[in-house]
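Protein chains in written order, with this note's numbering: chain A, 11 to 429; chain B, -5 to 301. Every residue gets a Cβ at the ideal spot worked out from N, C-alpha and C, and that includes glycine.
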Amino acid sequence: MVRKLFLVLAAAASALAINGVAWADFTILVPSSSEGDGLRAAAADYSKMKGTKVEIVQAPYANVFEQGANAGATKSGVFDIILMDDPWIPFFAENGHLEDLTPFFKQAGLEGPDTDFLSKSLAICRNPYNTGPYVCLPYVGNAQMFFYDAAKYKEAGVDAPKTWDDVLKASQALTKEGGGRYFGYVFRGGQGNPVVADFMPIFWSYGANMFNEDRTKVTIDTPEGAAAMKTFMALRDVSPKGIESYNANEVGTALAAGTAASSINWPNWVATFEDPSQSKMVGKISYSPIPAGTKPGSSEIGHWTMGIMSASKNKQEAFDFMIWATSPEQIKISAERGNPPVRTSVFTDPELTKQEKFRHYPVLMEAIQASTPRPRHPKWPEIENAFGIELSKAVAGTITPEEALKNSQIAVEEITGLK
Amino acid sequence: MLRPDKGMPAASPRPGGVLEHWTERHLRYLMLAPTMIVLLALTIFPSFYMFYAAVHRISPNPDLPWEFVGSGNFARLLTDAQFHVALRNTAVFTIVAVTFEFLLGLGLALLLDRFIRRLTFLKTVLMIPMMLPPIAVAITWKIIYEPQFGVLNEIMFRLGLPLQAWAGDVNLAMFSIIVADVWQWTPFIFLLMLAGLASLPIEPYEAAALDGASSWRQFWDLTLPFLKPVIAIAVLLRVMDALRLFDLVFILTGGGPADRTKVLSLYIYQVAYRFADPGYAAAISLFVLFVTIVLSTWFMKRMRLAE
């Protein structure tokens, strides 16, 4: 009797182990951040409303990419939906990990996503960029903005910074006065993604780009690149000691604690700056689009997008959820939960815009529409790593800015095979 | 069961006797089977799979076949500048960190063994860092090193000393990681040395004292030779662990600034998961395994433990 019971229990345990998460109708992989928390809350609402069992798997930023890539490479079907950072889209799409959404739209009687979505938000969800089929839907409308303490800038003789020269003028004065405890500017100088993310908007605002238009040549080491690097190094000189290891948290904390006057950052930091329990600068931080260099400024777009994994066994259920979660009503709820929207109607909704905590919406919408995506290449993680190493060396002063550009040019040429 | 060849009458065969006989003859193999299966599944199969992966180029696209490249991935090791940087950093970290951990661990063990033997509370306190999860240690040190709000710079400021970037400074980043590692793992060496010292015979020391040998002489000619096997094991385990350093670097510096703290484990992780090139990552891993085996064998021989 005991033996039989043991065998039954063993068989049940094995079946559970083999089936894994099969108890859920579909599973979503999300980052452990405000974006992932927002989608988790939406999934809980969906479950209650539809009686559908949705499982959310949360992982740190880098692990979301790794787990998604692993699931794609092994065709495990463990995840049905992945919430992706937009620079990952070419990797996932071009390695066959993402489902083309065209047939699902057709079956739903739609030509594609509606026109209430911002055009730049939709462009990144097509692969190739803005021309190919949709492989995902935008969910969180991140694009970098320029954050600054308007009162401090005014003290330094700059009313509203329009150009990088304005930023430098104010920052140099503020850092000089700060005596090593207050700084005019702060940026993410950490090797890899952080330093690249904070350099790219400056790079673009001087007319530089990583590739030429038809993607046949690497164009990092150019006079435009050198001009951008010159500004970047000048900004380094007015930033705190140790920015070589700074990431978004350190930059955000410096602004919230009132030890730095300005930075480029992501819009989800607005909630922190306006929260008295986390910030000394409530109501004091102003937001503007990225300043201009020799060309108009351009933010780096950093949308979070939902795509269906090719190996998913619940594609229709996943698509239905994505359509529901990106509807105007749900994007508004998502905005109220702290995630920037991707729809014009939500950006301009008077119920939201009259609230102090959404006062940055007009600037953010402008920033998204003037944004540039990170170079769309399936080897972007490797390119970003190589570029990030050279930028980190330049920031740390172990090589000259000129050497950093030259080395980056060679490294990216080798990775992409474009020589 | 009685055996006919011993002149005893054979027992009549019982139902199931053949199976019983077979089971009895192969019992040792049957008992070993579960362990062997687990060993095969968790150690031998992954090892062979790693060899197999190391000679292929593996696309992240599951529809593309693995391409056999022979020694191609190993040849890349010769020209890969990032690998060379990681190798150099790993060597520097291992040599400096393990040397400090050994000297401090041995020194503390001698101090506590000789002078404050009864303070078990102090011994327990000294072992706390080793018991902490590596990620918790890394995060703690990240907060200590934080240039603007960190404890260390606050102390520097109050003492009127210049503030440092610690983990963000090219000249201090590796040093910062070494300090954190020494803080965490010195107790391990200390614990082993303390156990070694507790097991030393008393007679040789009494004889040496009678002959007028100084404390230093006794340490040099008796304690160190007696402790040699313990030292060998402690240092070997630390070297093997130091070669796999990951957590501290991942949290504190991410390999920067300027690649100054990129170590082999971090590079393997990047190649495998960020650059989606598991074949090359397997080749680097095999290289690390090879280095570890060579170092261990050489070290064991040097310490005359091999025999």
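Check: What in chain B is Cβ-close to E392(A), meaning under 8 Å?
Finding: Taking a Cβ-Cβ cut-off of 8 Å, the neighbours of E392(A) in chain B comprise R268, F269, given in sequence order.
Note to self: Using the Cβ count rule (16 or more neighbours within 10 Å means buried), how would you classify T17(B)?
What the structure shows: exposed
Check: Exposed or buried, R108(B), counting other C-beta atoms within 10 Å across all chains shown (16 or more means buried)?
Finding: exposed
Check: Considering only residues of the same chain and omitting the five flanking positions on each side of A202(B), which have a CB-CB separation below 8 Å?
Finding: R211, Q212, D215, L216
Note to self: Along the chain, where does the alpha helix (DSSP H) containing N395(A) start, and where does it finish?
What the structure shows: 390 to 406
Item checked: I333(A) versus S43(A), T84(A), V40(A), L111(A), residue with shortest Cα-Cα distance -> L111(A)
Check: With distances taken from CA atoms, which of F75(A), G46(A), Q68(A), G87(A) is nearest K323(A)?
Finding: G87(A)
Check: Between the stretch 133 to 152 of chain A and the stretch 244 to 262 of chain A, do at least 3 Cβ pairs fall closer than 8 Å?
Finding: no
Check: How would you list, in chain order, the residues of chain A whose beta-carbon sits under 8 Å from the beta-carbon of G66(B)?
Finding: Within 8 Å Cβ-Cβ: nothing; G66(B) doesn't reach chain A, min ~16 Å.
Check: Start and end of the beta strand (DSSP E) containing I66(A)?
Finding: 64 to 69
Notebook entry, point to check: Would K429(A) be called buried (16 or more neighbouring beta carbons within 10 Å of its own) or exposed?
Noted result: So K429(A) ends up on the exposed side.
Check: the stretch 139 to 170 of chain A: which residues have C-beta closer than 8 Å to a C-beta of chain B, in chain order?
Finding: none
Next item on the list: Would you check if the distance between the CB atom of A328(A) and the CB atom of D90(A) is smaller than 8 Å?
Entry: Taking a C-beta distance under 8 Å as the contact criterion, A328(A) and D90(A) qualify as a contact pair.
Notebook entry, point to check: Which residues of chain A have a Cβ atom closer than 9 Å to the Cβ of A159(B), listed in chain order?
Noted result: The answer, in chain order, is P250, K251, G252, I253, E254, S255.
Item checked: Top-ranked residue by Cα proximity to G162(B), from P250(A), Q326(A), A53(A) -> P250(A)
Check: Along the chain, where does the alpha helix (DSSP H) that runs through W98(A) open and close?
Finding: That residue, W98(A), is in no alpha helix (DSSP H); it is neither H nor E in DSSP.
Margin query: Using a 10 Å radius around the Cβ and a threshold of 16 neighbouring Cβ atoms, would you call G190(B) buried or exposed?
Written below: buried
Margin query: Is there a Cβ of chain B sitting closer than 8 Å to that of K416(A), yes or no?
Written below: no
Margin query: Output needed in chain order: residues of the stretch 65 to 87 of chain A with a Cβ under 9 Å from some Cβ in chain B.
Written below: A72, N73, F75, E76, A79, N80, G82, A83, T84, K85
Check: Mapping DSSP to helix, strand and coil, what is G162(B)?
Finding: helix
Check: Taking buried to mean at least 16 other C-beta atoms within 10 Å of its own C-beta, is K389(A) buried or exposed?
Finding: By the 10 Å Cβ count, K389(A) comes out buried.
Next item on the list: Name the residue from P28(B), F77(B), P56(B) whose alpha carbon lies nearest to the alpha carbon of S279(B).
Entry: F77(B)
Item checked: Short Cβ contact (8 Å threshold) for A180(A) with V196(A) -> no
Item checked: Sequence-distant residues of the same chain with beta carbon closer than 7 Å to V164(B), five excluded per side -> P251, A252, R254
Notebook entry, point to check: Would K116(A) be called buried (16 or more neighbouring beta carbons within 10 Å of its own) or exposed?
Noted result: Exposed, since its Cβ has fewer than 16 Cβ neighbours within 10 Å.
Checklist line | Cβ-based neighbour list, L100(B), same chain, cut-off 6 Å, excluding 5 preceding and 5 following | finding: Hits under 6 Å: M187.
Check: Thinking just about the alpha-carbon of each residue, which of Y297(A), S57(A), R50(A) is nearest to the one in A160(A)?
Finding: Y297(A)
Next item on the list: To the nearest angstrom, report how far apart R19(B) and I31(B) are at their CA atoms.
Entry: Going by the C-alpha atoms only, they are around 20 Å apart.
Next item on the list: Would you please verify whether the beta carbon of G200(A) is less than 8 Å from any beta carbon of chain B?
Entry: yes
Check: What do you get for M(-5)(B), buried or exposed, if any count of 16 or more other CB atoms within 10 angstroms of its CB means buried?
Finding: Since pLDDT at M(-5)(B) reaches only 41, below the 50 mark, its modelled position is unreliable, and no value is offered.
Next item on the list: Tell me, to the nearest whole angstrom, how far the beta carbon of A377(A) is from that of M155(A); I am working on the premise that it is less than 8 Å.
Entry: 5 Å
Check: Which of the three DSSP states, helix, strand or coil, is assigned to I196(B)?
Finding: coil
Next item on the list: Please name the residues in the stretch 156 to 188 of chain B whose beta-carbon is closer than 8 Å to at least one beta-carbon of chain A, in chain order.
Entry: L157, Q158, A159, W160, A161, G162, D163, V164, A167
Margin query: For E310(A), list the residues DSSP reports as bridge partners.
Written below: T382(A)
Note to self: Helix, strand or coil for D159(A)? Go by DSSP, reduced to three states.
What the structure shows: strand
Notebook entry, point to check: Buried or exposed: where does E400(A) fall if 16 or more other Cβ atoms within 10 Å of its Cβ makes it buried?
Noted result: Counting Cβ neighbours within 10 Å, E400(A) comes out buried, since at least 16 surround it.
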